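Sequential numbering from 1 applies to the sequence shown in UniProt numbering.
Data block below; observations after.
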Amino acid sequence: MKLKYTKFQIALEIIALLLIIWMIIFICTQWNKLPDQIPAHYNAMGEPNRWGDKIEIIIAPIISILLYATITIASFFPKTWNVPVRVTDSNKEVVYRYTRNLLILIKVEVIGMFFYTTYYTATSQSLSAYSMPVLLFIILGTPIYFIIRICRIEKKKWYDNR
Numbered sequence: 001m002k003l004k005y006t007k008f009q010i011a012l013e014i015i016a017l018l019l020i021i022w023m024i025i026f027i028c029t030q031w032n033k034l035p036d037q038i039p040a041h042y043n044a045m046g047e048p049n050r051w052g053d054k055i056e057i058i059i060a061p062i063i064s065i066l067l068y069a070t071i072t073i074a075s076f077f078p079k080t081w082n083v084p085v086r087v088t089d090s091n092k093e094v095v096y097r098y099t100r101n102l103l104i105l106i107k108v109e110v111i112g113m114f115f116y117t118t119y120y121t122a123t124s125q126s127l128s129a130y131s132m133p134v135l136l137f138i139i140l141g142t143p144i145y146f147i148i149r150i151c152r153i154e155k156k157k158w159y160d161n162r
């Protein structure tokens with residue numbers, strides 16, 4: 001089955017790419033302004049708890065590119081996805097669409113998180129104390145939301161067949 005991208009999925013892919021490009025451009029434009037030592041890690045309260053050389057700021061865009069490539073490649077092979085319901089001919093289109101939405105949203109969220117932390121690292125600012133809890137809520141909430149949606153497909157099918 002050839003799974004086509006929806007307009008929503010295309011928009012998210014564009015956002016993910018733009019975030020990566022924006023992150024790279026931002027780092028390039030800020031490079032000469034960066035101090036030799038920058039925040040390299042933040043604690044749960046958003047305060048830097050490790051400092052490193054400014055070269056470490058390129059780790060986030062590298063990971064973002066690898067993440068983008070890996071998830072994009074995985075999205076072309078829906079039969080390899082592990083989903084919480086049995087995939088049948090009658091539900092596979094919806095299950096695969098929801099699962100691809102999940103993958104792409106996670107991709108955008110993680111790349112967005114990397115951009116956010118890169119920005120604060122480059123400007124030597126502490127993150128907001130609410131940053132990490134909010135980011136974790138979003139990144140963990142997305143799979144929970146889609147798993148519930150996918151499981152409801154199976155439940156609805158069961159009710160329809162009663």
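Beta carbons: idealized from backbone N, C-alpha and C, even for Gly.
As the structure is a computational prediction, the values presented were derived from the model and not from experiment.
Counting the other Cβ atoms within 10 Å of the Cβ of Arg-152 gives fewer than 16, which makes it exposed.
Under the three-state reduction of DSSP, Gly-46 is assigned to coil, being neither helix nor strand. When only Cα atoms are considered, Cys-28 and Pro-84 end up about 43 angstroms apart.
A contact is defined here as three or more CB-CB pairs under 8 angstroms, and the stretch 121-128 fails this definition with respect to the stretch 94-108.
For the options Ser-75, Tyr-42 and Lys-54, the alpha carbon positioned closest to that of Thr-6 is the one of Ser-75. Approximately 19 angstroms separates the beta-carbon atoms of Ile-20 and Ile-55; this is outside 8 angstroms, ruling out the contact. Excluding five sequence positions before and after Leu-135, the CB atoms of its chain that fall closer than 6 angstroms to its own CB belong to Met-113, given in chain order. For Pro-61, no pairing in a beta bridge is given by DSSP. Relative to Ala-16, the option among Val-87, Asn-82 and Ile-104 whose CA is nearest is Ile-104. Annotation for Arg-97: the continuous alpha helix (DSSP H) segment containing it runs 92-122. Shown here, Ala-11 sits in a helix according to DSSP, grouped into three states. In terms of CA proximity to Lys-2, Pro-78 leads the group Phe-146, Leu-140 and Pro-78.
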